[in-house]
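Take a look at the structure set out below.
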Amino acid sequence: MRVAASAPPTASAPAAPAEMISMDLVNAGLDDVLKLLSQQAGMNFVASESARDRRVTVYLDQVPIQTAIRSILDANNLSFRQIAGSNVYIVGDSGGRAVKLTTKVYTLKYARVVPTLGETTRTFGDTGSVLKPTFTGTGSGGEGESSSNSGSSGGSNSSRASGGSGTQAQGIVAIIKQLLTERGSVTTDPRTNSLAVTDVEETFPLVEETIAKLDIRPLQVYLEAEVLEVKRATLHRLGIEFGDSTGEFATFTGPSRQTNFPLGPTLLKRAAAPTHTLGTLALTDLTATLKALETESDVKFLASPRLMTLSNEVAEIRITTDAATGTTSSSQTDTGTVTTQIERNTVGTVLRVTPLVTDDKHITMVIEPEISRVVSSTTFSSTLDPNRRSARTTILVEDGETAMIAGLLSQDQDLGQRKVPLLSRIPLLGAAFTRHADEITDTEIVIFITPHIVKESRAAAGAGPTIPAREQTIAAVDARVAERHRRALKSR
């Protein structure tokens, strides 16, 4: 820092206009600058609280002191006022000097300035049920209806400030705000997918460079998924079964007699003499069968979606039913109409996959499967309880590599018993007249997901993405997928 004056002023009077001053200051505090000016100009400057923390950089060479004071204050949007009857001047913000602002509009090509409806529901990596928890409807007379719907959708879902086209717009807005001065602002226009940026002219080169680097074409990912339910229904039948499969082991037929009613004997000259038939008790179905059986069942395909989504966007498949699980309340009006409140739960198969392309050959996937259904309540006989199996995992696979998720287990047990009346109640011997039919069903959800990075050729850049060639023949794809599943299940 260098300060020089042509002649030192007196302490009792302001400096003469002819006196010259030279200053070379870099990032100096305003208090220090005002102190130097006070010493050179013979004026007492006091910085206000709002301007005290200002930093000043100035270079002046042989200029009048009054000109130096005015130049320094104007360059930093400051002004001073004199306290009446004194040689003291208060320096503060000018407050009235307008700064020229410029507004420019930037239309985004790939990012969205606001999230879509699907994006507002969840963010990337959120936890929780992917099914709508409950829906409450009303019915009359204690009855309700259940409706179902199924379908698939590839969409987007996220509102964070990083990655993806849906989240990227939020990130661009946040980043641009960090680049602006305290006078700058950003306004979004969802209709034209544009950003209106207002600030001083010097800020816009950096803003334009930042938008060009962030508003880039996102990659697309094609997803093949298979959701299977491996059902091992083991049916145990052990005991002695009397009679046929319905439990019948004896029949009784009542007595009968032939007659010629309503025709008299004259119409039939040679009518046969009436015959009598006694009732019969047939025990032909009285059989005793010792059963010890065990059966196992098959694999069930719950869903086989093919979805395409953008990198870092959510693809979702829903095959659900809005099931009535119970009643919450009932009321009766003055006219005698009974209204019952029905409690509903959405159950079914839901699979959400969020792929993120990390490079040309690797894909990070957040996989959220949920399988749910309603079962008989163990607490209330007239209601149903939703039974959900869900998982959430993040994996890294190569382009075209298949990932498998398994271990979502469930077990249902149905206990049945058939008895011969009276005989089954005899102590000790009653077991010989009783048969148990216990059915235990063990199920496991197995999920296979294969992602493909969709690459657009230069010739077809404007015609849309190219789908993997093996999807062109659906039958061949399904055959290979089924064979892969059989090998995977066999090796488990």
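Residues 1408 to 1899 in the working numbering are what the sequence shown spells out, letter by letter.
In this text, a Cβ means the ideal position worked out from N, Cα and C, and glycines have one as well.
Distance, Cα to Cα, I1874 vs R1598? In the sequence shown, the residue the question calls residue 1874 occupies position 467. In the sequence shown, the residue the question calls residue 1598 occupies position 191. With a pLDDT of 47 at I1874, under the threshold of 50, the modelled position of that residue is not reliable, and the figure given next carries that caveat. Taking the straight line from one Cα to the other gives about 31 Å.
Measuring only the C-alpha atoms, how far is R1865 from Q1627? As a first step, residue 1865 is located in the sequence shown; it is residue number 458 there, counting from the start. As a first step, residue 1627 is located in the sequence shown; it is residue number 220 there, counting from the start. Note that R1865 scores a pLDDT of 47, beneath 50, so its modelled location is shaky and nothing firm can be said.
T1474: first and last residue of the uninterrupted alpha helix (DSSP H) it sits in: Mapped onto the sequence shown, residue 1474 falls at position 67. First-last of the alpha helix (DSSP H) with T1474: 1472-1482.
8 Å Cβ cutoff met for A1632 and F1855: Position 225 of the sequence shown holds residue 1632. Position 448 of the sequence shown holds residue 1855. Cβ atoms of A1632 and F1855: closer than 8 Å.
Where does Q1447 land, buried or exposed, given buried means 16+ other C-beta within 10 angstroms? Position 40 of the sequence shown, counted from the first residue, corresponds to residue 1447. Label assigned to Q1447: buried.
Element boundaries [beta strand (DSSP E), containing I1802]: By one-based count along the sequence shown, residue 1802 stands at place 395. Looking at the DSSP string, the run of the beta strand (DSSP E) that includes I1802 is 1800-1805.
Contact check, Y1466 vs D1431, beta carbons under 8 Å: Position 59 of the sequence shown, counted from the first residue, corresponds to residue 1466. Position 24 of the sequence shown, counted from the first residue, corresponds to residue 1431. It is a contact, given that the beta carbons lie within the stated cut-off.
Element boundaries [alpha helix (DSSP H), containing E1616]: For the purposes of this step, residue 1616 is identified with residue 209 of the sequence shown, where counting begins at 1. Note, E1616: alpha helix (DSSP H), 1611-1621.
Quick one: what does DSSP say L1835 is sitting in, helix, strand or coil? Here residue 1835 corresponds to residue number 428 of the sequence shown, with the count starting at 1. Note: L1835 maps to coil in three-state DSSP.
Any idea what DSSP makes of V1440, helix, strand or coil? Within the sequence shown, the letter at position 33 stands for residue 1440. Reduced to three states, the DSSP call for V1440 is helix.
Applying the 10 Å Cβ sphere with the 16-neighbour rule, what's the burial state of S1554? Taking the sequence shown and counting its residues from 1, one reaches residue 1554 at position 147. Only weak support exists for where S1554 lies, its pLDDT of 37 falling under 50; the coordinates are left without a value.
Beta carbon of L1635 nearer than 8 Å to that of F1708: For the purposes of this step, residue 1635 is taken as residue 228 along the sequence shown, with counting starting at 1. For the purposes of this step, residue 1708 is taken as residue 301 along the sequence shown, with counting starting at 1. Yes; because the gap between Cβ atoms is below 8 Å, this pair is in contact.
Taking all protein chains shown into account, decide if S1557 is buried (16 or more other Cβ within 10 angstroms of its Cβ) or exposed. By one-based count along the sequence shown, residue 1557 stands at place 150. Interpretation of S1557 is limited by its pLDDT of 38, a score under 50 that renders its predicted location unreliable; no figure is taken from the coordinates.
Rounded to a whole number of angstroms, what is the C-alpha to C-alpha distance between D1460 and T1716? As a position in the sequence shown, residue 1460 is number 53, starting the count at 1. As a position in the sequence shown, residue 1716 is number 309, starting the count at 1. Using only the alpha carbons, I get a separation of about 52 Å.
Is the beta carbon of N1494 sitting closer than 8 Å to the one on T1464? Residue numbering aside, residue 1494 sits at position 87 when the sequence shown is read from its first letter. Residue numbering aside, residue 1464 sits at position 57 when the sequence shown is read from its first letter. Against a cut-off of 8 Å, the Cβ pair of T1464 and N1494 comes out as no contact.
Residues bridged to A1497 [DSSP beta-bridge criterion]: As a position in the sequence shown, residue 1497 is number 90, starting the count at 1. A quick correction: the sequence has Ile, not Ala, at residue 1497. The partner list for I1497 (beta bridge, DSSP) reads V1453, R1488.
Is G1578 helix, strand or coil by DSSP? Here residue 1578 is taken as the residue at index 171 of the sequence shown, counted from 1. Residue state, collapsed to three classes: helix.
Tell me whether V1537 sits in a helix, a strand or coil according to DSSP, three-state version. Translated into positions along the sequence shown, residue 1537 becomes position 130. Reliability of the predicted coordinates at V1537 is poor, the pLDDT of 44 falling under 50, and the value obtained from them is presented with this limitation in mind. Here V1537 sits in coil by DSSP.
On the criterion of 16 or more Cβ atoms from any shown chain inside 10 Å, does E1878 qualify as buried, or is it exposed? What you label residue 1878 is simply residue 471 of the sequence shown in a count that begins at 1. Note on E1878: pLDDT 43, under 50, position unreliable in the model; the coordinate value appears next. That one is exposed.
If you count every other CB in all the chains shown that lies within 10 Å of the CB of T1756, and 16 or more means buried, which is it? Taking the first residue of the sequence shown as position 1, residue 1756 is located at position 349. Per the 10 Å Cβ criterion, buried.
Do F1487 and I1479 have their beta-carbon atoms positioned less than 8 Å apart in this structure? By one-based count along the sequence shown, residue 1479 stands at place 72. By one-based count along the sequence shown, residue 1487 stands at place 80. Not a contact, by the Cβ cut-off of 8 Å.
Please name the residue, chosen from N1794, T1509, T1857, T1809, that lies closest to T1850 on a Cα-to-Cα basis. Against the sequence shown, residue 1850 aligns to sequence position 443. Cα-wise, what sits closest to T1850 is N1794.
Evaluate the contact criterion for the stretch 1769-1781 versus the stretch 1796-1806: three or more CB pairs, one atom per stretch, below 8 Å. yes
I need the DSSP call for K1516, collapsed to helix, strand or coil. Reading the sequence shown from its first residue, position 109 is the one you call residue 1516. Of the three classes helix, strand and coil, the one that applies to K1516 here is coil, per DSSP.
Hey, would you say L1902 sits closer than 8 Å to L1586, going by beta carbons? This structure gives no information on residue 1902, because the portion of the chain shown stretches from 1408 to 1899.
How many whole angstroms separate the CB atoms of R1796 and I1852, which I take to be in contact at a CB cut-off of 8 Å? Mapped onto the sequence shown, residue 1796 falls at position 389. Mapped onto the sequence shown, residue 1852 falls at position 445. The pair is a contact, with the Cβ atoms about 6 Å apart (cut-off 8 Å).
L1508 and T1605: beta carbons closer than 8 Å? Locating residue 1508 in the sequence shown gives position 101, counting from the first residue. Locating residue 1605 in the sequence shown gives position 198, counting from the first residue. Going by C-beta atoms, L1508 is nearer than 8 Å to T1605.
By DSSP, does L1763 sit in helix, in strand, or in coil? Taking the sequence shown and counting its residues from 1, the one referred to as residue 1763 is at position 356. Three-state DSSP puts L1763 in a strand.
Tell me whether I1724 is buried or exposed, calling it buried when 16 or more other Cβ atoms sit within 10 Å of its Cβ. As a position in the sequence shown, residue 1724 is number 317, starting the count at 1. By the neighbour-count rule (16 or more Cβ atoms within 10 Å), I1724 is buried.
Just to confirm the assignment, what range does the beta strand (DSSP E) spanning R1780 have? Translated into positions along the sequence shown, residue 1780 becomes position 373. Run containing R1780: 1769-1783, per the beta strand (DSSP E) assignment.
Helix, strand or coil, according to DSSP, for K1507 in the structure here? The residue labelled residue 1507 in the question sits at position 100 within the sequence shown. Coil.
T1595 bridges to which residues according to DSSP? To locate residue 1595, count along the sequence shown from 1; it is residue 188. Partner(s): L1602.
If you reduce the DSSP assignment to three classes, tell me which class S1817 lands in. On the sequence shown, position 410 is the one that residue 1817 refers to. S1817: strand per DSSP, three-state reduction.
DSSP three-state label for A1876, please. Within the sequence shown, numbered from 1, the residue matching residue 1876 stands at position 469. Note that A1876 scores a pLDDT of 44, beneath 50, so its modelled location is shaky and nothing firm can be said.
Among D1767, V1804, T1727, nearest to R1780 - alpha-carbon criterion: Residue mapping note: residue 1780 aligns to position 373 of the sequence shown, counting from 1. When only C-alpha atoms are compared, the closest one is T1727.
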